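Following this note's numbering from start to finish, the first sequence increments by one per residue and tops out at 688. C-beta: ideal position from N, C-alpha, C; glycine also. Keep in mind it's a predicted model, so treat the numbers as computed, not measured. Report on one structure; see the data block that follows.
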Amino acid sequence: MTGGPREEYELRPAGGASRIDYAAELNPQQLEVAMAGGGPLLVIAGAGSGKTRTLTYRVARLVETGVPPGAILLLTFTNKASSEMLARAETLLGGAVSAVGGTFHHAGHLALRRHGHVVGLPRNFTIADRDDAEDLLGECMEEQAAATDKRFPKPQVVLDMISMAANTLEPMKEVVTRRYPMHLDLLQELETWQGTYAARKMDLGIVDFDDLLTLWLRAMDQDAEVRSEFQRRFAYVMVDEYQDTNLLQAKIVDHLAAAHRNLMVVGDDAQSIYSFRGANFANIIKFNERYPDAKMFKLEINYRSSPEILALANASIEHNSQQYAKKLVSEQPPGPLPKLVPLERPDEQAAYLAQRIRDLENEGIDLDQIAVLYRSHYLSMELQLELSRRGIPFEIRSGIRFFEQAHIKDASSYLRIAANPMDELAWKRALRLLPKVGKATAAKIWAAVSKSKDPLGELSKKKLPAPKAAAAGMEDLARTMQAVLAQKDKPSAQLEAVLAGGFRTLLHDTYENANSRILDLETLAAYATRFQDTSQFLAELALYSNAVEPDTTGLPPERRLVLSTIHQAKGLEWQAVFVPWLVEGRFPDARALGEGSDEEERRLFYVAVTRARRHLELTYPLFAREGQYPSLRQRPSRFIEELPSRLVMLVHVNRAWGPAPRPEADVDPDDTDRWMDGKSPYDE
DNA sequence: CTCAGCCTTCTTTTT
DNA sequence: GAAGGCTGAG
């Protein structure tokens, strides 16, 4: 192994040959990072501090100093981040960079296609998305006579636990004790399900999202050849959003960098917001313990927000105890004070937001430069109604994902069967599309078919345990599958075959908007032409599950207001940002608080406010419905209460303003008995 | 056994 | 306002 750390690609000065004037285009802090040599580097990049720019210039710099682009591995958190960064590096260098970049899951997928056999995976494994995984786990649980038992948590919950164990590398016992103590009495069962679920996936040649990382790590752990191949291939490893990596990912990174130690991790501890899915805050906070010789850099100059907005952000995050000391300094001219706006009720809040959005638009701010960022998706309900009523166009970043829609998954299940005839989930999905075939019949047919070495061959035989009513459907399926198989590894043609083989008709029979769904599938087929391998195409579908819906209208994109969760807004910025629902229980979220300290929620608040460039407004309702209680006085969020009052401008909104005002004590007389049971902890 | 329709419930964040 | 559970008809 060419293990030689820094010898392998000795950094040489770019000299006069460089087409980039680094010193002119980067600030001194950024420049240091871009020009730093090899070895472990920790970059604390504050919000809006030009992190992507800095990383881009570093990639360019490495390439200019002789590192082959293919030897640079850039691991990111989202597909968007990696493609953006690579694209910018290419522009910078004026040519294809071909550095290897992508999400951890993407890299894990490529690694397993190559080396999966080391850990017992067949070459044609298929990827199960979250829904599939839940189904499969549900079946494992049912086999243990569990699903019907009401004591047992739902597969959804159990999968959360299994996933948490995988991502934190903790034994199930630890996960249950720490995060699900109410289920401790079920530990035995949970461990059994965990085991059968893992075994079942292996049998069927199915991997879930977590397996893409778990098995990748296992392959490197077990096989020195595999390990050193990665270490040789990627002489420089960079990790973006390091604060959101979990222990599993950290281990993978440690393996990759073990030989050469050319590891640069970039992140902002103040923006660590993914502990709910196992992110390990300690990865970044204690990086120096694992890499004592690491050099640390800080990017603290903020190019995005006004000093007023940063003052608020800095003041808020100060309440967290665990963090690297840093203070964002604004490069922007002074702006208006952030506004704090209490409203009477959620309806008034929505009306206020809509009105202010119109105001800002009239002041010359484009709609797509305005965002409403909320803690949880359901908090946008009233606002959506209000915006529709007023005809303000908006787009929601979240919700239904294109590739997760039923018709997309249904159609691709045929391709999955073709790629991996043992894919039980795909079989059942395809079978259940047939008339008169439901859960039970599908299971029977699968049981019969899966006994054979050639499940697909069984399909054409007439002996399957299908009811007479389903016979015609079975024939259709057999015929369609033949057509799909005939187009081996041409996913586009395969999709066309599915459509032609009765799926088009099926959609018309099932959905009112069949035509738009057919159009979706035709668009997908067009997109699929770039793949020469059905497995690759299917993996892409699973891994890019939140890719934006392809534009089938052909119309120019409208300028729209953005509605988004804060999680999805990370890394983005807008001229004006509204953060509604700042009351205890909603933001901070009651459930999230239950998991421990409020520091992650505060970081979420920090992320939200640092998205704003010039206008920031924080709003909350004084009264709101809570479950069966139609109107309870709300307590303003601690994130508001703890702010020094000089940092915000308190705005009082005339109650007569907005939609029809309601009586103060808005209690339905018929509901009073609910108030009588004395159980409400909220009475004030 | 399927499937439609009516019920309740409970609203987190996602590769 | 979606999704899951439950019921009853075919």
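Legend entry - Terminal residues of the alpha helix (DSSP H) in which residue 411 lies: As a first step, residue 411 must be located in the first sequence, where it is residue number 407. That run of the alpha helix (DSSP H) goes 410 to 423.
Legend entry - Separation of residue 264 from residue 327, as counted between CA atoms: The count along the first sequence starts at 1 and reaches residue 327 at position 323. The count along the first sequence starts at 1 and reaches residue 264 at position 260. One C-alpha to the other measures close to 29 Å.
Inset, instruction - Pull up the distance between the alpha-carbon of residue 210 and that of residue 131, whole angstroms please. - result: Within the first sequence, residue 210 is the residue found at index 206, counting from 1. Within the first sequence, residue 131 is the residue found at index 127, counting from 1. Each residue's alpha carbon lies about 6 Å from the other.
Inset, instruction - Ignore the nearest five residues each way along the sequence and tell me which others in residue 361's own chain have a CB closer than 7 Å to its CB. - result: Translated into the one-based positions of the first sequence, residue 361 becomes position 357. Answer for residue 361: 374, 396 and 565, listed in chain order.
Inset, instruction - Helix, strand or coil for residue 23, going by three-state DSSP, please let me know. - result: Residue 23 sits at position 19 when you count from the first residue of the first sequence. Coil.
Inset, instruction - Could you tell me whether the Cβ atoms of residue 104 and residue 223 are closer together than 7 Å? - result: Your numbering for residue 104 matches position 100 in the first sequence. Your numbering for residue 223 matches position 219 in the first sequence. Not in contact: residue 104 and residue 223 (Cβ atoms no closer than 7 Å).
Legend entry - C-alpha distance - residue 307 paired with residue 366, whole-angstrom precision: Here residue 307 refers to the residue found at position 303 when the first sequence is read from its first residue. Here residue 366 refers to the residue found at position 362 when the first sequence is read from its first residue. Those two C-alpha atoms are separated by around 26 Å.
Inset, instruction - Give the single residue among 255, 460 and 250 whose Cα lies nearest to the Cα of residue 225. - result: Residue 225 sits at position 221 when you count from the first residue of the first sequence. Selected option, being the one with the closest Cα: 255.
Inset, instruction - Using a threshold of 7 Å, state whether the C-beta atoms of residue 170 and residue 214 are closer than that. - result: Here residue 170 corresponds to residue number 166 of the first sequence, with the count starting at 1. Here residue 214 corresponds to residue number 210 of the first sequence, with the count starting at 1. Cβ distance < 7 Å, so residue 170 and residue 214 count as in contact.
Legend entry - N- and C-terminal bounds of the beta strand (DSSP E) containing residue 107: By one-based count along the first sequence, residue 107 stands at place 103. Taken as a continuous stretch (DSSP letters only), the beta strand (DSSP E) holding residue 107 covers 104 to 107.
Inset, instruction - Starting from residue 36, trace the alpha helix (DSSP H) both ways and give me its first and last residue. - result: Within the first sequence, numbered from 1, the residue matching residue 36 stands at position 32. Start and end: 32 to 39.
Inset, instruction - Decide if residue 65 is buried, meaning its Cβ has at least 16 other Cβ atoms within 10 Å, or exposed. - result: Within the first sequence, residue 65 is the residue found at index 61, counting from 1. So residue 65 counts as buried.
Legend entry - residue 176, enclosing alpha helix (DSSP H) - first and last residue: Locating residue 176 in the first sequence gives position 172, counting from the first residue. Unbroken alpha helix (DSSP H) run through residue 176: 176 to 183.
Inset, instruction - Compute the Euclidean distance between the alpha carbons of residue 684 and residue 570, then round it to the nearest angstrom. - result: Numbered from its first residue, the first sequence carries residue 684 at position 680. Numbered from its first residue, the first sequence carries residue 570 at position 566. Residue placement at residue 684 is flagged as unreliable, the pLDDT there being 30, under the threshold of 50; a coordinate-derived value is accordingly withheld.
Legend entry - Pick from 656, 446, 463 and 543 that is closest to residue 127, judged by C-alpha positions: As a position in the first sequence, residue 127 is number 123, starting the count at 1. Looking at the Cα atoms, 543 is the closest of the given residues.
Legend entry - Of the listed residues 647, 575, 645 and 627, nearest to residue 638 (C-alpha basis): As a first step, residue 638 is located in the first sequence; it is residue number 634 there, counting from the start. Of 647, 575, 645 and 627, the residue nearest in Cα terms is 627.
Inset, instruction - Taking only the alpha-carbon atoms, compute the straight-line gap between residue 283 and residue 275 and give it to the nearest angstrom. - result: As a first step, residue 283 is located in the first sequence; it is residue number 279 there, counting from the start. As a first step, residue 275 is located in the first sequence; it is residue number 271 there, counting from the start. Approximately 12 Å, taken between the alpha carbons.
Inset, instruction - Answer yes or no: do residue 454 and residue 433 have a C-beta to C-beta separation smaller than 7 Å? - result: To locate residue 454, count along the first sequence from 1; it is residue 450. To locate residue 433, count along the first sequence from 1; it is residue 429. Not closer than 7 Å, so no.
Legend entry - Residue from 379, 52, 400 and 617 with nearest C-alpha to residue 585: Here residue 585 refers to the residue found at position 581 of the first sequence. Out of 379, 52, 400 and 617, 379 has the C-alpha closest to the C-alpha of residue 585.
Inset, instruction - Could you give the DSSP three-state label for residue 240: helix, strand or coil? - result: The sequence position of residue 240 within the first sequence is 236, counting from 1. In this structure, residue 240 counts as strand in the three-state DSSP scheme.
Inset, instruction - Could you tell me which residues DSSP pairs with residue 619 in its beta bridges? - result: Numbered from its first residue, the first sequence carries residue 619 at position 615. Its beta-bridge partners are 580.
Legend entry - Alpha-carbon to alpha-carbon, residue 471 and residue 459: Here residue 459 is taken as the residue at index 455 of the first sequence, counted from 1. Here residue 471 is taken as the residue at index 467 of the first sequence, counted from 1. Whole-angstrom Cα-Cα distance: 19 Å.
Legend entry - Delimiting residues of the alpha helix (DSSP H) encompassing residue 587: Translated into positions along the first sequence, residue 587 becomes position 583. That residue, residue 587, is in no alpha helix (DSSP H); it is neither H nor E in DSSP.
Legend entry - Nearest neighbour of residue 480, chosen from 469, 497 and 502 [CA to CA]: Counting from 1 along the first sequence, the entry for residue 480 is found at position 476. Answer by Cα proximity: 502.
Inset, instruction - State the Cα-Cα distance for the pair residue 660 and residue 386, rounded to the nearest angstrom. - result: For the purposes of this step, residue 660 is taken as the residue at position 656 of the first sequence. For the purposes of this step, residue 386 is taken as the residue at position 382 of the first sequence. Annotation note: pLDDT 48 at residue 660 (below 50); position unreliable, no value reported.
Legend entry - For residue 358, the three-state DSSP class (helix, strand or coil): Translated into the one-based positions of the first sequence, residue 358 becomes position 354. If DSSP states are grouped into helix, strand and coil, residue 358 belongs with the helices.
Legend entry - Range covered by the alpha helix (DSSP H) that runs through residue 454: Here the question's residue 454 lines up with position 450 in the first sequence. Run containing residue 454: 443 to 454, per the alpha helix (DSSP H) assignment.
Legend entry - Beta-carbon spacing of residue 408, residue 354 below 7 Å: What you label residue 408 is simply residue 404 of the first sequence in a count that begins at 1. What you label residue 354 is simply residue 350 of the first sequence in a count that begins at 1. No, the Cβ-Cβ distance between residue 408 and residue 354 is not below 7 Å.
Inset, instruction - Would you check if the distance between the CB atom of residue 33 and the CB atom of residue 303 is smaller than 7 Å? - result: As a working note, residue 33 is residue 29 in the first sequence. As a working note, residue 303 is residue 299 in the first sequence. Contact: yes.
Inset, instruction - Could you have a look at residue 128 and say whether DSSP puts it in helix, strand or coil? - result: One-based indexing of the first sequence puts residue 128 at position 124. In this structure, residue 128 counts as coil in the three-state DSSP scheme.
Inset, instruction - List the endpoints of the continuous beta strand (DSSP E) containing residue 45. - result: Along the first sequence, read from residue 1 onward, the residue named residue 45 stands at position 41. First-last of the beta strand (DSSP E) with residue 45: 45 to 49.
Legend entry - Rounded straight-line distance, which links the Cα of residue 567 to that of residue 400: Here residue 400 refers to the residue found at position 396 of the first sequence. Here residue 567 refers to the residue found at position 563 of the first sequence. Their backbone Cα atoms lie some 5 Å apart in a straight line.
Inset, instruction - Kindly give me the distance between the Cβ atoms of residue 583 and residue 613, rounded to whole angstroms, as I take these residues to be in contact under 8 Å. - result: By 1-based counting over the first sequence, the position of residue 583 is 579. By 1-based counting over the first sequence, the position of residue 613 is 609. That belief holds up - the Cβ atoms of residue 583 and residue 613 are roughly 7 Å apart, short of 8 Å.
Legend entry - Selected residue, minimal CA-CA separation from residue 295, among 500, 311, 528 and 258: Here residue 295 refers to the residue found at position 291 when the first sequence is read from its first residue. Per the Cα distances, 258.
Inset, instruction - Determine the direct distance from the alpha carbon of residue 451 to that of residue 681, and round the result to whole angstroms. - result: Mapped onto the first sequence, residue 681 falls at position 677. Mapped onto the first sequence, residue 451 falls at position 447. Note that residue 681 scores 30 on pLDDT, short of 50, meaning its location in the model is unreliable; the coordinates nonetheless yield the value given after this. For residue 681 and residue 451, the distance between alpha carbons rounds to 53 Å.
Legend entry - Among 469, 57 and 241, the one whose alpha carbon lies nearest that of residue 93: As a first step, residue 93 is located in the first sequence; it is residue number 89 there, counting from the start. The candidate whose alpha carbon is nearest that of residue 93 is 57.
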